[in-house]
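Chains as they are written, first to last, in the numbering used here: chain A, 756 to 1113; chain B, 756 to 1113; chain C, 756 to 1113; chain D, 756 to 1113. Where is the CB? At the ideal position from N, CA and C, for every residue including glycine. Predicted model, so just to flag it, every value in this text is computed and none were measured.
4 protein chains.
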Amino acid sequence: MTDVDTRLDAFYADLGSVDLQPLWTQVKNLLPSTPAPAAVPWLWQGETLRSLAARARDLITIERGGERRVLALSNPGLGGAPFATSTLWGAIQALGAHESAPAHRHTASAIRFVLEGSGVWTTVDGDGCHMHPGDLVLTPAWTFHDHVNDGDEPMIWFDGLDLPIIGALDASFFENHPDLNQPVRGFDLSEQMYGAGGRVPYGTTNDSPHSPLLVYRWKQSDAILDKLLARTGEPVASIEFVDPTSGRPALPTMTCALHRVVPGRRTPSRRKSGSSIFVVHHGVGESVIGGQVFRWAPGDMFVVPSWVPFDHEAETTADLFEVSDEATMRALHLFRDETLDQWQGITGVFEPRHLPPS
Amino acid sequence: MTDVDTRLDAFYADLGSVDLQPLWTQVKNLLPSTPAPAAVPWLWQGETLRSLAARARDLITIERGGERRVLALSNPGLGGAPFATSTLWGAIQALGAHESAPAHRHTASAIRFVLEGSGVWTTVDGDGCHMHPGDLVLTPAWTFHDHVNDGDEPMIWFDGLDLPIIGALDASFFENHPDLNQPVRGFDLSEQMYGAGGRVPYGTTNDSPHSPLLVYRWKQSDAILDKLLARTGEPVASIEFVDPTSGRPALPTMTCALHRVVPGRRTPSRRKSGSSIFVVHHGVGESVIGGQVFRWAPGDMFVVPSWVPFDHEAETTADLFEVSDEATMRALHLFRDETLDQWQGITGVFEPRHLPPS
Amino acid sequence: MTDVDTRLDAFYADLGSVDLQPLWTQVKNLLPSTPAPAAVPWLWQGETLRSLAARARDLITIERGGERRVLALSNPGLGGAPFATSTLWGAIQALGAHESAPAHRHTASAIRFVLEGSGVWTTVDGDGCHMHPGDLVLTPAWTFHDHVNDGDEPMIWFDGLDLPIIGALDASFFENHPDLNQPVRGFDLSEQMYGAGGRVPYGTTNDSPHSPLLVYRWKQSDAILDKLLARTGEPVASIEFVDPTSGRPALPTMTCALHRVVPGRRTPSRRKSGSSIFVVHHGVGESVIGGQVFRWAPGDMFVVPSWVPFDHEAETTADLFEVSDEATMRALHLFRDETLDQWQGITGVFEPRHLPPS
Amino acid sequence: MTDVDTRLDAFYADLGSVDLQPLWTQVKNLLPSTPAPAAVPWLWQGETLRSLAARARDLITIERGGERRVLALSNPGLGGAPFATSTLWGAIQALGAHESAPAHRHTASAIRFVLEGSGVWTTVDGDGCHMHPGDLVLTPAWTFHDHVNDGDEPMIWFDGLDLPIIGALDASFFENHPDLNQPVRGFDLSEQMYGAGGRVPYGTTNDSPHSPLLVYRWKQSDAILDKLLARTGEPVASIEFVDPTSGRPALPTMTCALHRVVPGRRTPSRRKSGSSIFVVHHGVGESVIGGQVFRWAPGDMFVVPSWVPFDHEAETTADLFEVSDEATMRALHLFRDETLDQWQGITGVFEPRHLPPS
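In structure tokens:
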């Protein structure tokens, strides 16, 4: 060991003893040339999710304290964290007949995309938003919300939250509502006031960070996707859900979109900074993510980490709901995306995990 | 005449000789304590407008140069100018069966509110916008537009333009399209892309000063007014037509609104800086404007000048379309309005002008 | 006279009798292909303005009611209106030693550009803004303001207001302050808080339509112009006065600028929608406006109507202060400008009006 | 073990086997009622930082690959990460006489606050920004930057970066400049163009997410702080460094501020969502952070994690530079702050770590 080495070792030790670290030894890890996400591309099968949601309905009571019957996607790359990607929480939530989940609020923003069932509404600050398959329901940051199943069949839906972002920013506030379920002022009020395109109550001002429209019905989403597809020769039509009083993303941290993919046409391969969760609403097909083939069917959920190339190809007309952190990336001027010149090709096929035989 | 007077006279004469004027002699006229509009409250009867529009169809050919078969509301207070108020052009336009009006564009913004007829579309930069009674159609500044009647019956509609503002600002540019009628790329394209509340084609950016949605159908306007009325105990429900990608007024200079007035309830008396034209779409009733009673029926058009108090009272459920300069006033931070504490009372009854017996 | 002519005459008469006018006979006047301003290019000599301001000081007392000792530029094209252009009021204001002008406020926005003198401050909502030659002082819409000369010499300054715009929009409100002069909370407060580039009191929010900085000192304007000129090979350096908390024009309706013109270099000929008043602060030279040569010297004021081409050429380094309606035009999305490919050439020389020999 | 327990265990095991996790067992950790930062309040002494920076100058050569001679504050609460708080990187950087640090760019935004030395400039996209003690220098996201010491003495400065945010969002892009040092187009260009309050080159548009002004001189910061203090009876005057063309934070992710604290007056205790690094520029005093007393002197750096109450009390007039994530929190609508009604009191005294005796 040279004298220089000795002095260096002593120096590094001294740095450590006073809570300092050198940059020069770790600059490549700290400042990678392109994003180096820990999260990996992954897929959870709808069949598995549905069956576990049903078992959870039998085993778990919804109570104040536990709050929700929710199974969270836990990306294997994230070291055991209950996060679908480094920035997004994704989950399946189940509510049995005549059950309800208690009212609370938090600074984390949430969206619900309904998978199956009927008879449920989510109350958001007093507005009872009825839920049907394919509907998108918002519970924006710091709005009191509870879920009520007034019907005779269970419902399941997808939950998307910005929890990892809220966590990374140490920005979590949480509060229970004084009542288990908040009073309902009326039903579908936001839809009545803001549901018509380009018409708002006269005198509406837009000083809220989130959309005043809290529910986006499948029926209209379906119709506009059809019209868009009919107009173009593209393999995919895509809509974004926005605040009708500002045109901004419906929530300030997450971007919600719906993609209708034409069978037999591969969408262009692209990548973007930031991550996405896709929920298969209709159709079967496959996505190539980072070179791996992910085959999917209705109810499946899969994730694309930051800057990993991906494309889709449907066998039957497919509707993919997507929630991403694009709104956050844009708000901080960190969003980048590109369509790749060349198809990425296939390097392997993803094998979804199955429950062990019982 | 004193020496001072003599010197003053000489001074004023000298000022005039070098194109100067004193402020102190005219400060009250230049800076009135509240707006002192030259325009007066006025009403044009639908019956008269329709009959003259029909005569115009017989007498006047639509040609390049004359451009449009349009009869403009000429406010008697404005010294012969063809303006409905000091800031707004209002008119009735008539298009006979199988006629068309040539394609041109101008920096003046225009809106059309359809009164009667069928079979017409307005092409706006290649997008053929079908027109039906109660629809609002935009022809934003500097978009090429022409009107085509492909049917067998005539159509009449209301035209609202910001022409007096464009004139006062010396900002008029005008250009003919090379063809009499521009090619139609497709029909109702803007409606297909932007007509659904809160959903836009993914990737939409909003850098245009006007709405990308060019036609607002009566059907949805009607529906949201019903819902709003049902929710409140108010005598009137009002919607504003906005750009669905920004929430801003559909056009940067004019605000468009629709008011549904419940029978037997007087709306609160209010006043605002800036002027409005009202078009009666449905219902009979009256408005008190500056103390004068204006009785109205379908097709009537009436104006409220700046800062003149007004209210409405319907006999049968009434739908009043309104175009105003509020967007301009707000853009320049000059908008003020107030609801009056006390009803203004009635000081007289307006007598509409009738055509002389032929 | 043919039968058709007879019927047409009757038709036009009928239209007039019910306050209607045809568009087709006047479309070219209403919608000219480029702006057709009534105002003409014009120049008022500083020598004349100064001498009449001095006479006004002797003859006219400043009183409540007359409010100000102001001589307004009256453009000969505007039919006797006291306006410099169709959108701008320009004037010279004179305040004698130990005089003051009473406190009032109005929705018209005003700027002051100081020509000569010392010892004066303008109080704006309690903030006493000291005035020195070359300073720009704002009295934004609806701020109480009065002018106080605490010194032993008179002061004159240029007044620029948006009065014609306020008039055209019927948006004038005016109010006297209860006192002849309002109390002064402190001096140059806005400068202390907002005068440093890029630094604002922590927690500043920017919800006012106008700049919180009320006075822009000549010293800093001079310094930045020198630096800009030094960096470029251009014949002119130009700065705009903006709200330091938003970057927007200092006032919502008017744009203020300062141009330093290098001797012996003609600036590119350009035109723009909207009009300007130029005040010569330093230097002699000429401007070609609509082909006419306007020779100028310090204290001269000249105007450029909408869409008229103009350029400048200085004999000695010249500083031209400009106030224009560009902010209004941009707010309404009506601004256009272009640099002309070819120099416009000279078609005549403007002869300024002189006072008759006394 | 009951049957239910057995079934539950099996259920949780099954969840784990398919990469799912229950929410109900960990809701309190995921959604704490107030922020629960892992980072702890901490202080690094200027003396220690300076001495280690000097040793680093002797031991470490600045090279492509290591890029910078930077010692990073490593918060003991963050499990060995080289981050000062969960969202901020803070460090001391040292550049010896006639050394330079290579040109690169990255999506992380950085600020430099100069501590000691002279003769250095930072080139930012070709603009050579001279650095003097107390100056704030920006190297915004994706701008090429290198540091050049052209003088005979070393310089040290504080580096603040949003690296943990960039990391959490998987948004890092990094690129070397082709040359070791980029060419310098000129010196202090941004200062010449945007350094004057409220004056910008005419025609400036503001479509960049960061300030066009790259250096904020101590001299003007000092002057405005003096003026602000003189006007108020407050124990502290605070300025924020903003984009002079928009009023927004100078960088989109970090807020920079400077606080001048009057001796003998304790500032109100407050807390806010998000974290801060403070750098003591002048003065001695103490801060109470989360009940612990942190005594500080020039060159010390200390951190306040999210929602931890803090105040300051100076013995001699103190200048505290602060960089925080407030801009990020506000962009995502997650910022909250409050001034505490009651002083938090003192529960202990922080003992700074010292180097072991050599």
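Which chain C residues are close to E995 of chain D, counting only those with a beta carbon under 9 Å from its beta carbon?
R954, V955, P956, Y957, G958, T959
V795 of chain D: which of D:R1085, D:P1111, D:P1060 sits nearest, CA to CA?
D:P1060
Applying a beta-carbon distance threshold of less than 8 Å, which residues of chain A neighbour A1082 of chain B?
Here the premise fails: no neighbours, minimum Cβ distance about 13 Å.
Please confirm if A1005 of chain A has its CB atom under 8 Å from at least one CB of chain B.
yes
Taking the alpha-carbon positions, what's the P1107 of chain D to H853 of chain D distance?
33 Å
Tell me whether E946 of chain A sits in a helix, a strand or coil according to DSSP, three-state version.
Taken through DSSP and simplified to helix, strand or coil, E946 of chain A comes out as helix.
Does the beta-carbon distance from T894 of chain B to A865 of chain B come in below 8 Å?
yes
Going by C-alpha to C-alpha distance, which of B:P777, B:L984, B:P792, B:L1110 sits closest to P1064 of chain B?
Out of B:P777, B:L984, B:P792, B:L1110, B:P792 has the C-alpha closest to the C-alpha of P1064 of chain B.
Could you have a look at E989 of chain C and say whether DSSP puts it in helix, strand or coil?
coil
Starting from the C-beta of S1031 of chain B, find all residues in its chain whose C-beta is less than 6 Å away, skip the five residues before and the five after it, and write them out in chain order.
V1059, E1077, S1079
In whole angstroms, give me the CA-to-CA distance for H1088 of chain B and H965 of chain C.
Going by the C-alpha atoms only, they are around 9 Å apart.
What residues of chain C sit near L814 of chain B, judged by a beta carbon separation below 7 Å?
R762, L763, F766
Could you spell out the range, first to last residue, of the beta strand (DSSP E) harbouring V1058 of chain B?
For V1058 of chain B, the enclosing beta strand (DSSP E) begins and ends at 1056–1059.
So, for R1050 of chain B: in the same chain, excluding its five sequence neighbours on each side, which residues have a beta-carbon less than 7 Å away from its beta-carbon?
E1041
Closest to P909 of chain B by CA distance: which of B:S855, B:W779, B:P999 is it?
The shortest C-alpha separation from P909 of chain B is found at B:S855.
Suppose you measure from the CA of L804 of chain D to the CA of D774 of chain A; what does that come to, to the nearest Å?
11 Å
With the cut-off set at 8 Å, would you say R860 of chain D and W897 of chain D are in Cβ contact?
yes
With DSSP collapsed to three states, give me the class of V1115 of chain C.
In this structure chain C extends from 756 to 1113, so residue 1115 of chain C is not present and cannot be described.
With three or more C-beta pairs closer than 8 Å as the rule, is the region 938–958 of chain B touching the region 972–983 of chain A?
Yes, since at least three Cβ pairs between the region 972–983 of chain A and the region 938–958 of chain B fall closer than 8 Å, the two stretches touch.
May I have the straight-line CA-CA distance separating I815 of chain C from Q947 of chain C, to the nearest angstrom?
36 Å
Anything in the region 1016–1042 of chain A with a Cβ closer than 9 Å to a Cβ of chain D? List those residues in chain order, please.
S1028, G1029, S1030
Hey, is D934 of chain A's beta-carbon within less than 8 Å of any beta-carbon in chain D?
no
Using Cβ-Cβ distances below 9 Å, what residues of the region 791–804 of chain D are close to chain A?
Along the region 791–804 of chain D, going in chain order, the ones with a CB nearer than 9 Å to a CB of chain A are A791, P792, A793, A794, W797, W799, Q800, T803, L804.
Quick one: grab the DSSP three-state call for N931 of chain A.
strand
Run through chain E and tell me which residues come within less than 7 Å of G889 of chain C, C-beta to C-beta.
Protein chains A, B, C and D are contained in the structure displayed, whereas chain E is not.
So with CB distances below 9 Å, who are the chain B contacts of R986 of chain A?
G941, L944, Q947, M948
Hey, D998 of chain C and L944 of chain C: beta-carbon distance below 8 Å or not?
no
Skipping 5 residues on each side, what residues in its chain have a beta carbon closer than 8 Å to that of Q1047 of chain D?
P796, I1101, T1102, G1103, V1104, F1105
Exposed or buried, which one is T822 of chain B when buried takes at least 16 other CB atoms within 10 Å?
Here the sequence assigns Glu to residue 822 of chain B, which means Thr is not the residue at that position. When all chains shown are included, E822 of chain B counts as buried.
Tell me H861 of chain B's beta-bridge partners as DSSP assigns them.
The partner list for H861 of chain B (beta bridge, DSSP) reads B:F929.
Starting from L891 of chain A, trace the beta strand (DSSP E) in both directions and tell me its first and last residue.
891–894
What whole-angstrom Cβ distance do E1081 of chain D and G1029 of chain D have, given they're in contact under 8 Å?
6 Å
For P1004 of chain D, which three-state DSSP category applies?
strand
If you drop the 5 nearest sequence neighbours on each side, which residues of the same chain put their C-beta closer than 8 Å to that of I817 of chain C?
R823, R824, L850, E854, S855, A856, P857
Is D977 of chain C helix, strand or coil by DSSP?
helix
Using 8 Å as the threshold, is the C-beta distance between L1075 of chain C and V1016 of chain C below it?
Cβ distance < 8 Å, so L1075 of chain C and V1016 of chain C count as in contact.
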